[in-house]
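**Q** Start counting the sequence shown at 38; every next residue gets the next number (this note's numbering).
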Amino acid sequence: MDNFRAFIQEDRVRVFDGAMGTMIYSKGVYINRCYDELNLSTPDLILDIHREYIKAGTEIIETNTYGASRLKLAAQGLDDKLRDINILAAQIAREATKTAQHDAFVAGAISPLGVRIEPYGPTSVDEAKELFKEQVAALLEGGVDCFVLETFHDLAEMHQAIRAVRELTDKVIFAQMTINEQYETAYGTSAETITERLDKWLDADGADVIGLNCAVGPQIILEAIEKMREHTGRRLSAQPNAGLPREVGGRKMYLASPDYVARYAKRMISAGAKFIGGCCGTTPDHIKLIVDAVRAVSPGRRSISAITVEEQSAGVEPIPLAERSRFGNKLANGQFVTSVEIVPPKGCDPTAMLKGVRSLKEAGVDAVNVPDGPRAQSRMGALAVSLIIEQQVGIEAVTHYCCRDRNLLGMLSDLLGAAGLGLRNFLIITGDPPKMGPYPNATAVFDIDSIGLTNMVNRLNHGLDPGGNPIGKPTSFVIGVGVNPGAIDLDHEIRRFEWKVEAGAEYAITQPVFDVKQLKDFLKRIEHCRIPIVPGIWPLTSFRNAEFLNNEVPGVSVPPEILERMRKAEDGAAALKEGVKIAQEMLLEVREYVQGVQVSAPFGKIPHALEVFEVLR
């Protein structure tokens, strides 16, 4: 028996490393480079990353060979370097293990070929097997202890990879598939079927461990492991991403903290996982806390103390929604809410704005929506305006808060300050890029997007900061998010909305809606999310205004029949009257399907916004 097989047969949980690509990128190597080639050109960089993981407590480190198969290297013009890249990768990883103060082993990392094989593509199963064997042979020559076949979508391709390894060696094989949020592969194969098929194949071909990695975060992986455990007695492995990737400024960002990933590692162990590590977005910081989690929860021992730690780390129960604000109370009790959006002043004098706000209060409007630098325009800050409104007028504000202008620390400070000042109602948005405004060279921060910020605010409501540290008294924010029923890529918009709800959103306000059918169709598609939806209604002021919104504002669609009505209306007062009438008709038509409306005051003309509400009397 080889040393590694004896090592994994001990009744202990073992820890893999985290992401290699994430770490390489963090060192300043851009993604236009072939990361596998770095084994040849900058071996010290790869060695240092391995050593960082070893120092964090990693027991099994993967070679930097995720894309080092012939077809993937050929795309970079490096297929003639396949053998050298793989051999050196194994040797670099082996060198790193010499610094370990504990047992540490090297796993040869192999990914899918990047082509479809039969029956879904032209590559035969035998061709696929031979392509895999090429990389397996080179990794063996380099001296790996085992093989990790990872991020596979196609069970048929995984089968050929297993066969390729087994024809050359009896070393341990980890067979890891990738699933989506529905616990299925890209081909629609369920986690349960994955387990049953792999379990059968592994009996025949001699692989050892079934697992999951990449694509999704800890929560989905945990739930899938729980499903898989019912279908096999074989050992399971789990290497989740650091949450679902978010597109921020054209970059994929992974926002799950080391503490969060480590908490889920404990749960995965309880669910039956024997091998724990990380994939995209995870770092030595994540692995260090996973190692601590493994030490705290020994296999087969689900102690009360461990459970208590889990409960404590989840924070306290948030204050009930109905008790956080008057606006939140109406939402919680299913009452129809009314709000008007007022753009903050361009200067520092709020006098004129406050006059309009007082008229809203007198009319019985529930809240004033305060945008945060809309269209990247420079205006008085939304937090300050909201506080002035609540203190000087006594009507609640819904503060729009965007991620564009502040780093993570600044946002946290703002939110804690807002809680201390008594602001409660927030609408969390990503924010328009600076290039849309008068200062196109201004820097956009975007440390996180609206999904990440929703998560952070939800944690504050549980009495925890982003790192999971107690903040004392929890905040009591009413958490709203934006959503666009007219998004060009509606499937993507709905996925993001689902993530926002999962992150803690309690209501949503839409972009201006002019097409009632579009809104109804959208509501039908998101009804499973079960949070109140408040559509935005914008009284049109002219045909030119309607044309602008339809053609130049992304995600806003004005139906042809409404454009025609505005075209036929005379300019000036007649056009504005028609625009208000259209808004009134929309309000009456959608009222039974939604839990409120946000009416925009066109060009700051609050009386026209109030006219829209007259049909409710």
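Where a beta carbon is used, it is the ideal one built from N, C-alpha and C, also for glycine.
(1) Taking a contact to mean a Cβ-Cβ separation below 8 angstroms, would you say residue 100 touches residue 209 in this structure?
(2) Which class does residue 143 belong to by DSSP, given the choice of helix, strand or coil?
(3) So, is residue 140 buried or exposed, given that buried needs 16 or more other C-beta atoms within 10 angstroms?
(4) To the nearest angstrom, report how far apart residue 541 and residue 355 are at their CA atoms.
(5) Report all residues from its chain with a CB closer than 7 angstroms to the CB of residue 168; omit the five preceding and five following residues, and keep chain order.
(6) Go ahead and label residue 637 buried or exposed: buried means 16 or more other beta carbons lie within 10 angstroms of its beta carbon, across all protein chains shown.
(7) Using the Cβ count rule (16 or more neighbours within 10 Å means buried), how would you classify residue 344?
(8) Sorted by chain position, which residues of the same chain lie with C-beta nearer than 7 angstroms to residue 174's C-beta, five sequence neighbours on each side aside?
(9) Rounded to whole angstroms, how far is the Cβ of residue 222 from the Cβ of residue 269, which I believe are closer than 8 angstroms?
(10) Between the beta-carbon of residue 145 and the beta-carbon of residue 102, is there less than 8 angstroms?
(11) Are the beta-carbon atoms of residue 142 and residue 136 separated by less than 8 angstroms?
(12) Taking the alpha carbon of residue 650 as the point to measure from, which residue in 639, 631, 620 and 630 has its own alpha carbon closest?
(13) In the region 446 to 533, which residue ranges form an unbroken beta strand (DSSP E) of at least 3 residues, counting only runs that do not cross its ends?
(14) If we ignore side chains and look at the alpha-carbon of each, how far apart do residue 346 and residue 216 end up?
(15) Contact defined as beta carbons within less than 8 angstroms: I believe residue 497 pairs with residue 508. What is the distance between those atoms, to the nearest angstrom?
(16) Give me the DSSP bridge partner(s) of residue 149.
(17) How many whole angstroms separate the CB atoms of residue 213 and residue 249, which I take to be in contact at a CB cut-off of 8 angstroms?
(18) For the alpha helix (DSSP H) that contains residue 627, what are its first and last residues?
(19) Can you look up residue 310 in the DSSP assignment and give me helix, strand or coil?
(20) Taking just the CA atoms, how far does residue 272 sit from residue 236?
(21) If contact is defined by three or more beta carbon pairs under 8 angstroms, each pair taking one atom from either stretch, is the region 359 to 372 in contact with the region 393 to 401?
(22) Got a sec, what are the start and stop residues for the beta strand (DSSP E) residue 396 sits in?
(23) Quick check for students: name the residue ranges of the alpha helix (DSSP H) that lie wholly in the region 531 to 568, counting only runs of 4 or more.
(24) Keeping to the same chain, check which residues put their C-beta closer than 8 angstroms to that of residue 84; ignore five residues upstream and five downstream.
(25) How many angstroms separate the CA atom of residue 643 from the CA atom of residue 353?
(26) With a cut-off of 8 angstroms, do at least 3 Cβ pairs link the region 68 to 84 to the region 109 to 120?
(27) Does the Cβ of residue 43 lie closer than 7 angstroms to at least one heavy atom of the ligand ATP?
(28) Does residue 273 come out as helix, strand or coil in the three-state DSSP assignment?
(29) Cα-Cα, which of 570, 310, 321 and 380 is closest to residue 518?
(30) Which residues share a DSSP beta bridge with residue 250?
(31) How should residue 332 be labelled, buried or exposed, when 16 other C-beta atoms within 10 angstroms of its C-beta is the threshold for buried?
(32) When the Cα of residue 486 is compared with those of 226, 443 and 373, which residue comes out closest?
(33) Apart from the five residues on each side of it in sequence, which residues of its chain come closer than 6 angstroms, Cβ to Cβ, to residue 246?
(34) Would you mind giving the Cβ-Cβ distance between residue 320 and residue 79, rounded to the nearest angstrom? I have them listed as a contact below 8 angstroms.
(35) Give the C-beta separation of residue 259 and residue 304 to the nearest angstrom, bearing in mind that I take them to be a contact with Cβ-Cβ under 8 angstroms.
(36) Can you name the start and end residues of the alpha helix (DSSP H) that residue 173 belongs to?
**A** Quick look at the numbers:
(1) no
(2) strand
(3) exposed
(4) Distance between the alpha carbons of residue 541 and residue 355 is about 11 angstroms.
(5) 106, 107, 108 and 150
(6) buried
(7) Note that residue 344 scores 26 on pLDDT, short of 50, meaning its location in the model is unreliable; the coordinates nonetheless yield the value given after this. Exposed, by the Cβ-count rule.
(8) 205
(9) 17 angstroms between Cβ atoms; not a contact.
(10) yes
(11) no
(12) 620
(13) 462 to 466 and 515 to 520
(14) For residue 346, the predicted model reports a pLDDT of 29, less than 50, meaning its position is unreliable; a value from the coordinates is still stated below. If you take the alpha carbons of residue 346 and residue 216, they lie about 29 angstroms apart.
(15) Rounded to whole angstroms, the Cβ separation of residue 497 and residue 508 is 7 angstroms, and the two are in contact under 8 angstroms.
(16) Partner(s): none; residue 149 has no beta bridge.
(17) Between residue 213 and residue 249 the beta-carbon gap is near 6 angstroms, inside 8 angstroms, which marks them as a contact.
(18) 610 to 627
(19) strand
(20) 10 angstroms
(21) no
(22) Segment 388 to 399 is the alpha helix (DSSP H) holding residue 396; no beta strand (DSSP E) there.
(23) 553 to 562
(24) 129, 132 and 133
(25) 41 angstroms
(26) Touching, yes, given that three or more Cβ pairs across the two stretches are closer than 8 angstroms.
(27) The ligand content of the structure shown is nil, which means the ligand ATP is not present either.
(28) strand
(29) 570
(30) 276
(31) Looking at its Cβ environment, which holds fewer than 16 other Cβ atoms inside 10 Å, residue 332 is exposed.
(32) Residue 443 is the option with its Cα nearest to residue 486.
(33) 211, 272 and 274
(34) That belief does not hold up - the Cβ atoms of residue 320 and residue 79 are roughly 19 angstroms apart, past 8 angstroms.
(35) 5 angstroms
(36) 162 to 179
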